[in-house]
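So the structure is just underneath, and the comments pick up after that.
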Amino acid sequence: MNTKKITNICCIGAGYVGGPTMAVIAQKCPHIKVTVVDLNEQRIADWNNADLDKLPIYEPGLADVVAEARGRNLFFSTDVDKAIDEAEMIFISVNTPTKTYGVGKGMAADLKYIELCARQIARVSKDDKIIVEKSTLPVRTAEALRTILTSTGNGVKFEILSSPEFLAEGTAVQDLMNPDRFLIGGEQTESGEAAVQALVDIYLNWVPRENIVTTRVWSSELSKLTANAFLAQRVSSINAISALCEKTGADVDEIARAIGKDSRIGAKFLKSSVGFGGSCFQKDILNLVYLCQHFNLPEVADYWAQVVKMNDYQKHRFAKNIIDSLFNTVSGKKIAFLGWAFKKDTNDTRETAALYVADELLQDRAEIHVYDPKVTEEQIFADLEYLQTHRVGQYVEQGEIMSMDEIRSLVTVHNDPYEAMASAHATAILTEWDEFKSYDWQKVYNDMLKPAFVFDGRNIVDKKQLSEIGFEVYNIGKGN
Ligand SMILES: NC(=O)C1=CN([C@@H]2O[C@H](COP(=O)(O)OP(=O)(O)OC[C@H]3O[C@@H](n4cnc5c(N)ncnc54)[C@H](O)[C@@H]3O)[C@@H](O)[C@H]2O)C=CC1
Ligand SMILES: O=C(O)[C@H]1O[C@H](OP(=O)(O)OP(=O)(O)OC[C@H]2O[C@@H](n3ccc(=O)[nH]c3=O)[C@H](O)[C@@H]2O)[C@H](O)[C@@H](O)[C@@H]1O
237 MNTKKITNIC
247 CIGAGYVGGP
257 TMAVIAQKCP
267 HIKVTVVDLN
277 EQRIADWNNA
287 DLDKLPIYEP
297 GLADVVAEAR
307 GRNLFFSTDV
317 DKAIDEAEMI
327 FISVNTPTKT
337 YGVGKGMAAD
347 LKYIELCARQ
357 IARVSKDDKI
367 IVEKSTLPVR
377 TAEALRTILT
387 STGNGVKFEI
397 LSSPEFLAEG
407 TAVQDLMNPD
417 RFLIGGEQTE
427 SGEAAVQALV
437 DIYLNWVPRE
447 NIVTTRVWSS
457 ELSKLTANAF
467 LAQRVSSINA
477 ISALCEKTGA
487 DVDEIARAIG
497 KDSRIGAKFL
507 KSSVGFGGSC
517 FQKDILNLVY
527 LCQHFNLPEV
537 ADYWAQVVKM
547 NDYQKHRFAK
557 NIIDSLFNTV
567 SGKKIAFLGW
577 AFKKDTNDTR
587 ETAALYVADE
597 LLQDRAEIHV
607 YDPKVTEEQI
617 FADLEYLQTH
627 RVGQYVEQGE
637 IMSMDEIRSL
647 VTVHNDPYEA
657 MASAHATAIL
667 TEWDEFKSYD
677 WQKVYNDMLK
687 PAFVFDGRNI
697 VDKKQLSEIG
707 FEVYNIGKGN
C-alpha cells in the first residue's frame, strides 16, 4: 500500500459537501492538487463561474476560499475518469437520498450513486488508491464498496476509509476551518492504518491532532447516523415541550435557557422551531430506523421513528394554528411567508418546514406570498412540484395532489418583503433570517389587513413590541 504523502485528490460530487470541503482542503493544503468532479455540467460551470456571486452554493465565507484556491490547486471538472485516474485519494461525496422506490422505499438510503462511483473507480483505476466515504452511509457500506472495487481482478489495491462530514449548512466554512472533530474510520491492518495516517496528515494541515478521531470503519459509519439522530432528537424534544408550553403558559425559550445551563445537557440545539428541515436529519433517521428493522430491533426502530413523527407534528401544528386563528379557513386569504430556506444563511430548501406548512395552507386554498433573501422563485416552484409527486409523511399523505397551474395561481414569489406582506391577512416567519428582526414592523402593520396576525415559527421577532403596534402575535412554545 502506498504510504507516501498524498499530492493529488479527487472528489466525486460537487454538492453542498464536496464543494466546500474540497475548497477548504485546497486552501489549507496548497501542495495538494484537488479536483472536484460531477456529472452535472451546470453545477461545474457554476463552480467555475468568474462571478463568485454565482457559485452554486451560498455559504458565508465560501467565495473567498474558492477565490484563493481555484485555478491554483483547486479545479472543478466534468471529466470524472481523468480525475479518478490521476488521484491517489478519492473522496466520494455524492448524494444518498431516501429511496423512493422498491425495497426500503421511503426509509432506506438510496445507494445507487455510490455504487455507480465504485464501479467507475474500479473500471478506471490503474494504480492503488485510497477511497474515502464522505457521504453519509448505512453502517457496513464499506463492505459493499470493497466487493465492487475488488471485482475486476486487475490487482489494483484499494483501502476504504470512512470520514463522514459533520458540517452544518450556513456555517460550513467555519465548521470546516474549526471542526469539533474530523472522524476517520479505517481497518486495523498495516495498510489500513497507513491509509488512515495519510488522511490524518491532510487534516493535520489545519486541525490539531486531538480533534482528529480515529475508529474502526463500522463505528465511523454509524457515528454519523448517530450524531444526526441525537441532534434531531434534541430539536424534537424541545419542540415536544413547546406544545406543552402553549397549553400551560410556560415559555419554551426560558426552559431551554434553564436546562441548557446544566452542563450535562448543554445549551446548544435547544431552539424550538416550526420543525427541523434540511436534506439530512429526516433521511438519516429513516435510514437508522430501516437498519434497526433490518437487524430485527423493532423497539429501537420505533424509538428513533418517533423523532420524525414529532417533527411532522410540529409542522402540522404550526399550519393548523394559522388556519384555526384565521377563523377556521384561509381560503382566498393572503398569507405572507418570510423565509423558505430550511435555516438561515443558506439557499438550500431541501425538506424545508416552509414547504410542508405551505402545502397544508394550499390544501385550504390560501394565497401564499413568499419572500426569501436567497431562494429563487424557480426553486420554490420546483419544491412545490416535487411535493406533489412525493407525498410521503403522516400529514402530507392526507393532502390531495394539486396541479402546478393551480399552485402557480395561488403562490407568488416576491423580491421585496414589504410587498409580500402588503394587504396580507397574516405573516408567517418560517426561516430565522437576521434581516427579519430589523424590518419596519410599524410600516408592515400599517399595510396589512386587520386584525394583522404574525405567526413566528422561529421566535425571532420581539413579541412585546409587535403586540404594542397592534399585531396578534403567535410564537412557538409561549403560552399566549
Ligand atoms: N448537505 C449537508 O449539509 C451534508 C450532507 N452530508 C452527506 O453528504 C452527501 C452529499 O450531500 P450533498 O453534498 O448535500 O448532496 P448534493 O446533492 O448537493 O451533491 C451531490 C452531487 O453528487 C453528484 N453525483 C451523483 N452521482 C454522481 C456520479 N456518479 N458521478 C459524479 N457526480 C455524481 C450530483 O450530481 C450532485 O451534484 C450525502 O450523503 C449527505 O447525506 C453530510 C454532511 C452535511
Ligand atoms: O448531515 C448533515 O447534513 C448535517 O446535518 C445537520 O446540519 P444542517 O442540516 O445543515 O443544519 P442544522 O443547523 O443542524 O439544522 C437542521 C434543522 O434543524 C433546525 N434546528 C436546529 C437547531 C435548533 O436548536 N432548532 C432547530 O429547529 C434548523 O432550523 C434546521 O431546519 C447537522 O447539524 C450537521 O452536523 C450534519 O453534518
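Here the sequence shown stands for residues 237 to 716, where the numbers follow the numbering used here. For each residue, glycine too, the CB sits at the ideal point set by N, CA and C. Since the structure is predicted, the reported quantities are computational estimates derived from the model, not experimental observations.
- Rounded to the nearest angstrom, the Cβ distance from Ser329 to Ser371 is 6 Å, consistent with a contact under 8 Å.
- Taking 7 Å as the cut-off, the C-beta of Gly513 counts as close to a heavy atom of ligand 2.
- Bounds of any alpha helix (DSSP H) do not take in Glu295, whose DSSP letter is neither H nor E.
- Excluding five sequence positions before and after Glu322, the CB atoms of its chain that fall closer than 6 Å to its own CB belong to Asn244, given in chain order.
- Across the structure, Arg308 and Pro266 are spaced so that their CA atoms are roughly 8 Å apart.
- Within a 10 Å sphere around the beta-carbon of Lys551 sit 16 or more other beta-carbons, which makes this residue buried.
- In this chain, the beta strand (DSSP E) harbouring Ile665 covers 662-665.
- Contact between Ala664 and Gly693 holds, since their C-beta atoms are separated by about 6 Å, short of 8 Å.
- Of the other Cβ atoms in all chains shown, 16 or more fall within 10 Å of the Cβ of Met657; this residue is therefore buried.
- Inclusion of Leu403 in the 7 Å shell around ligand 2 follows from its C-beta lying nearer than that to a non-hydrogen atom of the ligand.
- Exclusion of Leu524 from the 7 Å shell around ligand 1 follows from its C-beta lying no nearer than that to any non-hydrogen atom of the ligand.
- Where Ser398 is concerned, the enclosing beta strand (DSSP E) starts and stops at 394-398.
- If you check the C-beta of Thr372 against ligand 1, you find a heavy atom less than 7 Å away.
- Here Cys528 carries a helix assignment [DSSP, helix/strand/coil].
- The C-alpha of Ile491 lies about 42 Å from the C-alpha of Ile438.
- Here the alpha carbon of Lys290 sits roughly 26 Å from the alpha carbon of Tyr654.
- Looking from the CA of Ala468, the closest CA among Ser478, Lys570, Asn547 belongs to Asn547.
- In the DSSP assignment, His605 falls within the beta strand (DSSP E) that extends over 603-607.
- Apart from the 5 residues on each side of it in sequence, His626 sits with its Cβ closer than 7 Å to the Cβ of Thr336 in its chain, given in chain order.
- In the DSSP assignment, Lys264 falls within the unbroken alpha helix (DSSP H) covering 254-264.
- Two segments are said to touch when three or more pairs of C-beta atoms, one from each, lie closer than 8 Å; by this definition the stretch 482-496 does not touch the stretch 459-466.
- The closest heavy atom of ligand 1 lies less than 7 Å from the beta carbon of Ile248.
- Distances between the C-beta of Val543 and the heavy atoms of ligand 1 are all 7 Å or more.
- Relative to Lys264, the option among Val409, Ser387, Asp608 whose CA is nearest is Val409.
- Residue burial annotation: Glu587 is buried, with at least 16 other C-beta atoms found within 10 angstroms of its C-beta.
- Ranked by Cα distance from Met638, the first of Asp652, Asp274, Phe617, Gly629 is Phe617.
- At the C-beta level, Leu403 and Leu397 stay beyond 8 Å of one another.
- Fewer than three pairs of CB atoms, one per stretch, sit closer than 8 Å, so the stretch 531-540 makes no contact with the stretch 574-594.
- Taking a cut-off of 8 Å for Cβ pairs, the stretch 604-617 and the stretch 642-651 touch, as three or more such pairs fall below it.
- For Asp548, the three-state secondary structure derived from DSSP is helix.
- Closest in alpha carbon position to Glu621, among Gln634, Glu642, Lys610, Val611, is Glu642.
- Across the set Glu295, Gly511, Cys246, the C-alpha of Cys246 shows the shortest separation from the C-alpha of Ala262.
- About 6 Å separates the Cβ atoms of Glu405 and Tyr252, confirming a contact at the 8 Å cut-off.
- Note that the stretch 342-358 touches the stretch 368-385; at least 3 beta-carbon pairs, one per stretch, sit closer than 8 Å.
- Three or more Cβ pairs closer than 8 Å define a contact, and the stretch 449-464 falls short of that threshold against the stretch 674-689.
- Per DSSP, reduced to three states, the secondary structure at Lys700 is helical.
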